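A short write-up of the structure that comes next.
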Amino acid sequence: MHFPWWYVPYATAPMLIATISIVHMLVAHYAVGGGLFLAVEASYAYRTQNSDYLAYLKRHAKFFVLLTVVFGAVTGVGIWWTIGLASPLATRVLLNTFVFAWATEWVFFLVEIISAFVFYYYWDRLTPAVHSTVLWIYAISGYASLVIISAITAFMLDPGEWLKEPTFWRAIANPQALPQILARTGGALMLTSLYVYLHSAITVCDEASHSLIEKRSSRPALLGAILIAAGGALWYVMLPDSAKSALIAAAVLNVIMAVLFGATAVVFVLLYLGPYRNPGWISSPGFAASLMLFGFAGFSASEFIREAVRKPYIVYNHVLGNQVRLVPDEVAIMREEGLLNASPWPRSYVKANYPQCVRDGRIDEDALGRLAPVERRRVGGVIFQYHCNDCHALDTGYSPIGPLIQGWSEEMIRDVVLNLHKHRFEMPPFCGTRQEADLLTEYLHDTRPKRPTGMDTGGGKGP
Amino acid sequence: LNPSDLIDQTKGWDLPIPAELIFALKTVGFTLHAVPMNLWYAGIIAAMLLAARRCEHARRFSARLMRQMPVIIALGINFGIVPLLFVQVGFAPVFYPATILMAWPWLLIIALLLPAYYGVYIYSYSLAAHGDRLPWFPRLAGWAAAILFPAIGFIFANAMSLLQNPTGWDKLYLAHNYHGAMLGTALNTGDPRLWPRWLMMFGIALTTTAAWTLFDAGWFARRESEAYHAWVRGLAWKLYLLGMAWFAATGSWYVFGTWPAETKEAMFKMPWLPLTVATAVAPGAVWVPLLFVARGSGVVTRGIATAIGLLQFGVVLVNAVSRQVVQQLEIAPAYDILKQPVNAQWVPLAIFAAVAVAAIAVIVWMVRQVAASHG
């Protein structure tokens, strides 16, 4: 707990990362796949001298640049913003490990932007050979960005040998890198086809052009589907045991998995019924939009699952979800010194508000225990914020604690607090002293909802 | 509270490159970012004001700048990633607390940037469709962008001044928390350095915009009339003078009115005195040549445009170096990057450098193709 914790009512701060990431990914994959689409298709159109198709591609390029260069780039910066605010410790680990991977990715991003402006603004002014080359420069640099970023994000799920030998190369060649690169490549191809279908359904009127666009885009969509399936299967096989178990254990992830499989199945069925069996359907904006929405739903679900299965870690076996490092073993340090003494911001808060509990510059936890009950609960609230709010709202919002301990006795809560990771493998261990566990217990007991009345559970009425 | 008590002092955070290299990359990155950032910061306001004038050349220049603005903004955002990356690598223990204190305003930057950026596109595309007699909506979008970008600058100035002001954190923390967790609603408005710092950047931005008028004329507006070039020569030195006066006033306020005694003492003694003086007088090194250019006639030559562009780049660079030095002086008592252990990643750095060189070659090739397409 090296940094101050940001309290976001109801949602919890990390959910902001998930929200912005998902929105960004829906555009970022198109930024990569769309680059490949434009490069391949413009080269084809030049080769076949199909001026109508080139005209469509030019219109598509305008939409592409407006969406990816503005919205995609700004939301990408937004991810930087939110990970620094909501998960500063893991961000610091990633930056220290991958600074030059990120710097290299930035170089590719620069080439992407410049080539995007060149191919868009000079569409009719460059020779076909030069124009195609610029489009390929964009496509290659965009794909290089995907490879680098996928390897970095995959590292969080399983750093592999890096845990034993923390070098850049061990980190970048982590076990999840290849599966995620494959799946994201597929996602980029598939999503791009869905964007193309929707865009063409709205902007193209003649049948011949529709037929061509459909035919040309169905192949990358199918290739994308294969890559998603291959990458997804490999992802699952390579998952750490805890992540596989988390996937099965969490009810919400089961529901989201159902959404993922359901939406993906719908996309496959619609692709089969539409572009494959009934080519005319896809020219309807409603059909294309439905396809896109189901694609978005499946994609968003997969992104959410990818993030959620990491619990109790942010970086597997290295950073816990509550911003505690395992190397060095900060859990042991905090159990010895106390969460409040070992964490700069809560320590300063308690020192400023309860100076009577400070002895020789350190917080005297026995003195905290002698505070009035209302004050003890306030300190318990501080421990809740720093230890629990990463993943749990208090009583309402994202994964709230309240309903989980509704009607529990103080002893039940204390037992769970002291043995968090033993009760639930996807929880971190309690990172504090026995006195701090008592303070947190008092706070949770005081704020928990009462057991519902009027329940008959057999063996006598009520609890 | 002692500011050092609020800063993470745990070990095991070896820097991946020496601190000096972090300073160098951060400074170069910030300078590359600052040039386009200056153009949207003051340039959009200037363009919107000039668009309302009767002078044909003023409207012409306004339209030129706003048509260029989408590319300028894209490059500015891209270059902004570099200092953002290296400030986090080098200064994580102070950067994260400062931004978390003001998390919501900091996040608001993203929300403001989107409409500002799209506003510029709306205005730019409308210029192509309507010429410089725009309907109300694109004009509104242009003005929205003109206001939103300085507002974003204000939030940035807050974050960067807060980063340099750990002694002010405790009051903000205790006033903006919920059970010891940050509400993320603090702003550094109580810090007297904030206001002149924010306003000073506008002065530099005006000078960069002035230099750009000439750079654009020499490189990209060669087909414009001689009358247009004459107007640009006249505008450049006047706009530069305004920016210089603004910079002098707000810079003096910042340095003499708000710098802590320790900063002042360090910056007005060796080894930093020459840097302080250079930062103060550097704009004059551009303005004087601009005066001579104003007396000339005909189309602005590429040589003049390049010279003015390079000189202004130097002004922004010197300013960026000064910022780094002052930042280091003010943060060092709480967190000194120069004392951090280093475990350098030389091979990844070499790969990054090689990719960067290759990318520059590719970019140069593309620019040459674009130039060739113009004949």
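Residue numbers (the numbering used here), protein chains in the order written: chain H, 1 to 463; chain G, 1 to 375.
Glycine included, C-beta positions come from ideal geometry on N, C-alpha and C.
Quick caveat, the model's predicted, so the values are computed rather than measured.
For Y7/H, no beta strand (DSSP E) segment is defined, and its DSSP state is neither H nor E.
Y354/H: not part of any beta strand (DSSP E); DSSP gives it neither H nor E.
Within the model, the alpha-carbon separation for E56/G versus H131/H is close to 35 Å. Apart from sequence neighbours up to five positions away, the residues of its chain that approach T264/H with a beta-carbon distance below 6 Å are G298, ordered along the chain. For the 9 Å CB-CB criterion, F294/H and I22/H do not form a contact. For L66/H, the nearest beta carbon of chain G is closer than 9 Å to its own beta carbon.
In the DSSP assignment, V355/G falls within the alpha helix (DSSP H) that extends over W346 to S373. Sequence-distant partners of N341/H (beyond 5 residues in either direction) whose C-beta falls short of 7 Å from its own C-beta, in its chain, are R347, R362 and I363. Apart from the 5 residues on each side of it in sequence, I155/G sits with its Cβ closer than 6 Å to the Cβ of P105 and I109 in its chain, given in chain order. Judged by DSSP secondary structure, I314/H falls within the beta strand (DSSP E) whose first and last residues are Y313 to V315. For the C-beta of H445/H, not a single chain G residue is nearer than 8 Å; the gap to the nearest is close to 16 Å. Residue state for A251/H is assigned as helix, using DSSP reduced to three classes. Not a single CB atom of chain G sits nearer than 9 Å to the CB of R424/H.
Apart from the 5 residues on each side of it in sequence, I73/G sits with its Cβ closer than 8 Å to the Cβ of P36, W40, Y117 and V120 in its chain, given in chain order. P179/H and I7/G have their C-alpha atoms some 38 Å from each other.
Around the Cβ of Q406/H, a 10 Å sphere holds fewer than 16 other Cβ atoms; the residue is exposed. Rounded to the nearest angstrom, the Cβ distance from V382/H to H179/G is 5 Å, consistent with a contact under 8 Å. About 4 Å separates the CB atoms of E105/H and I148/H; that is less than 8 Å, so the two are in contact. Counting only residues of its own chain and dropping the five nearest sequence neighbours on each side, G76/G has a CB closer than 7 Å to the CB of H33, P36, M37 and W40. The Cβ of L54/H sits no closer than 9 Å to any Cβ of chain G. Take the alpha-carbon of F63/H and the one of V288/G: they are about 45 Å apart. Residues L206 of the same chain have their beta carbon placed closer than 7 Å to that of L242/G, with the five preceding and five following residues left out of the count. Proximity of Q406/H to chain G, defined by a Cβ-Cβ separation below 9 Å, is not satisfied. Secondary-structure assignment with DSSP links L320/H through a beta bridge to Y313/H and V324/H. Residue contact check for L163/G against chain H: no CB pair falls below 9 Å.
Non-local C-beta neighbours of M48/G in its own chain, meaning closer than 7 Å and more than five positions away in sequence, comprise G142, W143 and A146, ordered along the chain. Cβ contact annotation for Y30/H (same chain, cutoff 6 Å, sequence separation greater than five): L191, T192 and Y195, in chain order.
Under the Cβ criterion of 9 Å, G168/G is not counted among the residues facing chain H.
Taking C-beta atoms as the reference points, F425/H and V355/G fail to come closer than 9 Å. Contact of S150/H with chain G by beta-carbon distance below 9 Å is absent, the smallest such distance being about 17 Å. Taking a cut-off of 8 Å for Cβ pairs, the stretch 50-70 of chain G and the stretch 227-234 of chain G touch, as three or more such pairs fall below it. Cα atoms of V362/G and I331/G: separation of roughly 39 Å, rounded to the nearest angstrom. Of the other Cβ atoms in all chains shown, 16 or more fall within 10 Å of the Cβ of W259/G; this residue is therefore buried. Of the candidates L95/H, F261/H, T75/H and Y122/H, T75/H places its Cα closest to the Cα of P115/G. In the structure shown, Y143/H adopts helical secondary structure according to DSSP, grouped into three states. The Cβ atoms of G184/G and L239/G lie no closer than 9 Å to each other.
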